[in-house]
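Numbering (the numbering used here), first residue to last: 30 to 201. Think of the CB as a built atom: it goes at the ideal place given N, C-alpha and C, for glycine as much as any other residue. Below is one structure, written out as structure tokens, with a few remarks after it.
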Amino acid sequence: MQSAFTQQVLDDKGALRQSSSGNVFLSRPGKFRWEYAAPDKHEIVADGKNVWVYDVELDQVTVKPMSQALAAAPVGMLTQQQPVDKQFDVQEMEADGSNLEWFRLTPKKKDSDFTTMDLGISATGVEEMILGDKFGQQTYIKFEGLRTDVDIDKSRFTFTPPKGADVIGKAS
Numbered sequence: 030m031q032s033a034f035t036q037q038v039l040d041d042k043g044a045l046r047q048s049s050s051g052n053v054f055l056s057r058p059g060k061f062r063w064e065y066a067a068p069d070k071h072e073i074v075a076d077g078k079n080v081w082v083y084d085v086e087l088d089q090v091t092v093k094p095m096s097q098a099l100a101a102a103p104v105g106m107l108t109q110q111q112p113v114d115k116q117f118d119v120q121e122m123e124a125d126g127s128n129l130e131w132f133r134l135t136p137k138k139k140d141s142d143f144t145t146m147d148l149g150i151s152a153t154g155v156e157e158m159i160l161g162d163k164f165g166q167q168t169y170i171k172f173e174g175l176r177t178d179v180d181i182d183k184s185r186f187t188f189t190p191p192k193g194a195d196v197i198g199k200a201s
């Protein structure tokens, strides 16, 4: 999958806390690149073994084994081969008048970073995600120009820390 995205984070009172945009690339199993272009540039890359988070402004890289980093993360659901109903309780939601079918996913594991994940799905795939977390915040992600079954250069799923960057953690 390949798509541009916009993301908005609202606090527990519905006030906009953060707005960002960029591009995402996914390849199963376990590979993705999430590139934030605005307002601050940073990258999250999963290479199949590790998840690398690079904050360009801080010149800092954090690395964790995938099993630790994705266990409770929503993107883990999009990149794994395990059936969704093994990880989540799935419930169909009422139609909202859009061209999307909505499903609410509730993680079966209680140590998840989020409490709900609502997916808006069209014939092409997931077009919108709404993530609810333990603090009452909601993260809205809208995919634009979504393409599936596309060839993505394998180099998109590799990451080498830039020379001089601080690296926190250890790659497996």
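* Residue closest to PRO191, alpha-carbon to alpha-carbon, out of GLU86, ASP178, GLN47 -> For the purposes of this step, residue 191 is identified with residue 162 of the sequence shown, where counting begins at 1. Residue GLU86 is the option with its Cα nearest to PRO191.
* Asked: If you compare alpha carbons, which of TRP131, ASP195, PHE117 is closest to GLU123?
  -> As a working note, residue 123 is residue 94 in the sequence shown. Taking only the C-alpha atoms, the option nearest GLU123 is TRP131.
* Between the Cα of GLN89 and the Cα atoms of GLN97, GLU72, LYS78, which residue gives the shortest distance? -> The sequence position of residue 89 within the sequence shown is 60, counting from 1. If we check each option's Cα against that of GLN89, GLU72 comes out closest.
* To do: Work out the CA separation of GLY193 and ASP84 for me, nearest whole Å.
  => Position 55 of the sequence shown, counted from the first residue, corresponds to residue 84. Position 164 of the sequence shown, counted from the first residue, corresponds to residue 193. Whole-angstrom Cα-Cα distance: 13 Å.
* Alpha carbon of ASP118 to alpha carbon of PHE143, nearest angstrom -> Counting from one through the sequence shown, the residue named residue 118 turns up at place 89. Counting from one through the sequence shown, the residue named residue 143 turns up at place 114. So the two alpha carbons sit approximately 13 Å from each other.
* Give the single residue among ARG57, GLN36, VAL155, LYS42 whose Cα lies nearest to the Cα of ALA66. => Walking along the sequence shown from the start, residue 66 turns up at place 37. Closest by alpha carbon: GLN36.
* Asked: Among all the DSSP beta bridges, which residues are the ones paired with ASP162?
  -> As a first step, residue 162 must be located in the sequence shown, where it is residue number 133. PHE143, per the DSSP bridge assignment.
* Is it buried or exposed for ASN128, if we count other Cβ within 10 angstroms and need 16 for buried? -> Indexing the sequence shown from 1 puts residue 128 at position 99. It is exposed - the Cβ of ASN128 has fewer than 16 other Cβ atoms within 10 Å.
* To do: Between the Cα of SER201 and those of VAL92, LEU55, SER50, SER32, spot the shortest distance and give me the residue it belongs to.
  => Here residue 201 refers to the residue found at position 172 of the sequence shown. The option with the nearest alpha carbon to SER201 is VAL92.
* Alpha carbon of GLN166 to alpha carbon of ARG185, nearest angstrom -> Taking the sequence shown and counting its residues from 1, one reaches residue 166 at position 137. Taking the sequence shown and counting its residues from 1, one reaches residue 185 at position 156. One C-alpha to the other measures close to 30 Å.
* **DSSP beta-bridge partners of GLN167** => Looking up residue 167 in the sequence shown gives position 138. Note: GLN167 sits in a beta bridge opposite LEU39, GLY161.
* Asked: Which residue from ASP41, GLY51, ALA44, ASP40 puts its Cα closest to that of LYS171?
  -> Taking the first residue of the sequence shown as 1, we reach residue 171 at position 142. Out of ASP41, GLY51, ALA44, ASP40, GLY51 has the C-alpha closest to the C-alpha of LYS171.
* Asked: Quick one: what's got a C-beta closer than 6 Å to GLY149's C-beta in the same chain, skipping five residues either side?
  -> Your numbering for residue 149 matches position 120 in the sequence shown. LEU129, TRP131, GLU156, GLU157.
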